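My numbering numbers the first residue of the sequence shown as 18 and each following residue consecutively. Have a look at the structure below, then the notes.
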Amino acid sequence: MLKDWWKNSVVYQIYPRSFCDGNGDGVGDIKGIISKLWYLSKLGIDVIWLSPTYPSPNADNGYDISDYYGVSEEYGTMDEMKELIKKCDELGIKIVMDLVVNHSSDEHPWFIEAKKSKDNKYRDFYIWRKGDGENPPNDLKASFGGSAWEYSPETGEYYLHFFSKKQPDLNWENPNMRKEIWKMMNYWIDLGIGGFRMDVIDTIGKVPDKKIRENGPMLHEYIKEMHRETLDGKNLLTVGECWSANTDDGIKYSNPERHELSMIFQFEQCMLDRIPGGERWDSRPLQLTELKQVFSKWQNELYGKGWNSLFWDNHDLPRIVSRWGNDGEYRVLSAKMLATLLHGMQGTPYIYQGEEIGMTNVPFNRLEDFSDIESVNMRKEWKEKGKTDEEILVSLKRNSRDNARTPMQWNSGYQAGFTTGTPWYKLNPNYVEINAEDALNDENSIFYYYQKLIKLRKSTPAIIHGKYELLLPEDEDIYAYLRTYEGETILVVCNFHNCNRTFSFEGKGETLISNYPTEKILDLKNIELKPYESAIYKII
Ligand code: TEU
Ligand code: CA
């Protein structure tokens with residue numbers, strides 16, 4: 018196995034609940050995933066990142082785990098999981114498991130024990146503090162709203178939870194707790210998985226008394242210990258989800274000499290349509306020049322020193338074609354443009370289920386249709402703040418995680434081919450026009466464009482290793498950049514908007530991929546770009 022194989026790989030994220038239901042109960046499952054491996058293989062991906070499939074009371078759709086060693090009955094059995102790993106292996110696909118160890122579920126046996134008494138063996142697996150009089154220990158806030166401290170009547174103390182109160186934070190200061198995590202990781206490694214995606218890994222070094230959430234003083238010590246105890250010499254793909262990271266942090270996590278992780282999954286570009294200093298639910302339009310600054314900074318500063326993930330979408334983000342593309346008339350063109358922009362860069366690309374067919378945000382018009390815990394809590398908080406239903410609806414439609422979680426659209430038939438029963442969550446009604454079957458029957462579909470991009474990456478060393486150079490930094494419509502490696506230069510040109518624009522480059526290009534019909538060889542001086550036109554050229 019090639020060292021750093023994950024640099025040449027493309028990852029596909031599966032959100033199991035919504036991918037494919039194999040037994041008709043309305044919930045996606047492992048059997049369903051197995052039935053679609055041919056589709057993923059056809060797309061050409063190398064790795065599946067599987068969002069959590071462990072037993073869970075589902076306070077946060079599986080990101081609240083009650084047994085790290087098992088498979089939720091909803092999703093199948095351990096034997097089916099083993100079968101999935103084996104079938105994937107036959108296709109040259111690796112499974113990357115979601116590692117959610119900032120917190121467990123409050124229904125995990127460790128927590129059930131820990132809350133019983135102050136001298137319980139598992140007490141120190143979690144973080145307990147006395148209240149400040151009648152109040153919580155301090156004013157730390159939970160990501161899903163309210164205080165990060167929950168009173169526990171059994172012992173009269175509070176426990177910490179950065180997410181919902183059903184997700185108590187694990188105490189990483191406790192070496193016995195850490196040992197349990199290493200044991201569990203080794204168990205999965207021994208089952209033959211290809212690596213881990215590490216949920217909010219930047220918070221495990223927290224110091225709640227000083228109100229430090231991310232990047233605590235011991236963070237990298239813990240990751241190094243993890244490496245020594247579990248990952249060392251195994252050649253796995255390990256990716257840390259880090260909302261807080263800047264490029265220096267990115268290098269810390271992913272520089273091979275530091276023996277931590279393969280790569281970082283950071284969100285700086287995703288923050289660009291938030292109002293600076295504003296809250297998660299307020300948004301503003303994206304400025305293309307700001308997107309260029311952020312992407313270019315990561316491309317340049319990690320070059321030769323670290324490794325980044327390339328993604329637009331995941332299960333926590335609205336759909337990119339609705340967010341920064343055009344989900345009306347130009348849906349197909351803009352989805353291909355966005356893919357081109359991202360897949361030409363350095364890093365490991367991640368495709369989130371449905372992105373490859375251009376799935377869009379939800380058109381739901383009732384507040385009750387938004388079901389994610391974060392959406393539900395936001396609705397309550399905004400109501401209390403006096404916001405109108407209309408304001409809440411606008412923000413949910415634009416920002417809610419529910420946008421990414423409607424069932425995968427397989428065909429235009431019954432329940433979009435997702436289930437033979439009743440889906441756990443509403444379908445986006447546009448499955449009649451947007452679905453995998455139609456995409457597979459159309460040689461110009463977004464699906465085949467992604468397939469081509471993946472092939473291109475694998476056959477073009479400049480895409481994997483090349484030095485990045487931004488062109489036209491001030492231009493608000495065109496995003497263009499070069500990648501150069503061992504005498505080969507490729508040019509990526511994307512018209513980000515619905516307008517015609519002229520672009521000029523001194524030289525001739527051979528078209529490697531394009532979302533409009535284009536000549537094979539062309540003079541790049543004064544070319545006309547049509548709305549959302551994008552292409553990758555080899556400079557000849
Ligand atoms: O997400 C971390 C996280 O910070 C998100 O909750 C984010 O703030 C929000 O989705 C959108 O702004 C990870 C998982 O990806 C997410 O699904 C989990 O809910 C969360 O951790 C807790 O495990
Ligand atoms: Ca099912």
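Where a beta carbon is used, it is the ideal one built from N, C-alpha and C, also for glycine. Keep in mind the model is a prediction, meaning the values are calculated, not measured.
Best match in the options for proximity to residue i [C-alpha to C-alpha]
i: Asp-494; options: Phe-381, Asn-461, Leu-358; result: Leu-358
i: Leu-439; options: Val-27, Asp-106, Asn-40, Lys-24; result: Note on identity: in this sequence residue 439 is Thr, with Leu being the wrong assignment. Ranking the options by Cα distance to Thr-439, first place goes to Asn-40.
i: Arg-383; options: Val-449, Thr-365, Lys-404, Lys-414; result: Lys-414
i: Ser-417; options: Thr-405, Phe-435, Ser-388, Gly-148; result: Ser-388
i: Ser-476; options: Met-18, Gln-184, Asn-25, Asp-21; result: Asn-25
i: Lys-353; options: Asn-452, Asn-512, Ser-412; result: Asn-512
i: Cys-287; options: Ser-279, Ser-300, Arg-275; result: Ser-300
i: Ser-339; options: Glu-151, Met-114, Leu-303, Asp-540; result: Leu-303
i: Val-113; options: Asn-272, Ser-313, Met-98; result: Met-98
i: Thr-501; options: Trp-341, Ala-479, Thr-436; result: Ala-479
i: Asp-106; options: Ile-65, Leu-177, Gly-321, Ile-47; result: Ile-65
i: Thr-306; options: Glu-491, Met-95, Thr-506, Asn-532; result: Glu-491
i: Lys-228; options: His-178, Glu-450, Asp-540, Thr-405; result: His-178
i: Tyr-168; options: Glu-454, Lys-133, Asn-191; result: Lys-133
i: Gly-257; options: Val-379, Val-217, Val-118; result: Val-217
Cβ shell of residue i (< 6 Å), same chain only, five flanking positions each side left out
i: Leu-116; result: Phe-213, Met-215
i: Cys-259; result: Asp-219, Ile-281, Gln-283
i: Asn-394; result: Phe-161, Gly-162
i: Trp-127; result: Tyr-139, Phe-142
i: Gly-45; result: Pro-33, Arg-34, Ser-35, Phe-36, Cys-37, Asp-38
Contact check, residue i vs residue j, beta carbons under 7 Å
i: Ile-82; j: Ser-73; result: yes
i: Gly-211; j: Leu-254; result: yes
i: Leu-101; j: Ile-51; result: yes
i: Gln-468; j: Leu-157; result: no
i: Tyr-485; j: Gln-316; result: yes
i: Pro-33; j: Tyr-92; result: yes
i: Gly-162; j: Glu-398; result: yes
i: Asn-445; j: Asn-428; result: no
i: Ser-68; j: His-332; result: yes
i: Asp-21; j: His-120; result: no
i: Ser-10; j: Met-425; result: The question about residue 10 has no answer here: the residues shown for the chain are numbered 18 through 557.
i: Asp-330; j: Glu-372; result: yes
i: Met-202; j: Thr-247; result: yes
i: Tyr-554; j: Leu-350; result: no
i: Leu-308; j: Leu-278; result: no
i: Ser-164; j: Pro-153; result: yes
i: Thr-436; j: Gly-43; result: yes
i: Gly-361; j: Leu-319; result: no
i: Asn-175; j: Gly-148; result: This sequence places Tyr at residue 175; Asn is not what is there. Yes, the pair counts as a contact, with Cβ atoms nearer than the cut-off.
i: His-244; j: His-276; result: yes
i: Glu-231; j: Ser-261; result: yes
i: Leu-489; j: Ile-556; result: no
i: Ile-198; j: Val-118; result: yes
Residue i burial status per 10 Å Cβ neighbour count (16 or more: buried)
i: Trp-189; result: buried
i: Lys-251; result: exposed
i: Gly-524; result: exposed
i: Lys-29; result: Checking the sequence, you will find Tyr at residue 29 rather than Lys. So Tyr-29 ends up on the buried side.
i: Pro-366; result: buried
i: His-125; result: buried
i: Leu-355; result: buried
i: Asn-75; result: buried
i: Arg-297; result: exposed
i: Tyr-431; result: exposed
7 Å Cβ shell around residue i - same chain, five flanking residues per side excluded
i: Leu-108; result: Leu-54, Ser-58
i: Phe-520; result: Ile-495, Ala-497, Val-510, Ile-544, Leu-546
i: Leu-457; result: Phe-464
i: Thr-94; result: Val-88
i: Tyr-347; result: Asn-515, Pro-548, Tyr-549
Whole-angstrom C-beta distance between residue j and residue i, which should lie under 8 Å
i: Asn-420; j: Pro-335; result: 4 Å
i: Ser-326; j: Gly-364; result: 6 Å
i: Gln-184; j: Asp-77; result: 6 Å
i: Ile-62; j: Ile-471; result: 7 Å
i: Gly-79; j: Tyr-71; result: 7 Å
i: Gln-618; j: Ile-31; result: Coverage of the chain is limited to positions 18 through 557, which leaves residue 618 absent and any answer about it impossible.
Other residues of its chain near residue i: CB distance less than 8 Å, five sequence neighbours each side excluded
i: Asn-137; result: Glu-130, Ala-131
i: Tyr-239; result: Trp-189, Arg-195, Ile-221, Gly-222
i: Thr-535; result: Thr-528, Ala-552
i: Ile-292; result: Asp-299, Ser-300, Arg-301
i: Asn-517; result: Glu-545, Leu-546, Lys-547, Pro-548
i: Tyr-442; result: Arg-34, Ser-35, Ser-388, Asp-419, Arg-422, Thr-423, Pro-424
i: Pro-234; result: Gly-222, Val-224
i: Ile-110; result: Leu-54, Leu-57, Ser-58, Ile-62, Asp-63, Val-64, Ile-65
Cβ of residue i within 7 Å of any chain B Cβ
i: Glu-296; result: The chain inventory of the structure shown lacks chain B, comprising one protein chain alone.
Distance cut-off 6 Å: residue i Cβ against heavy atoms of ligand 3
i: Phe-180; result: Annotation note on ligand 3: not contained in the displayed structure, which lists ligand 1 and ligand 2 as its ligands.
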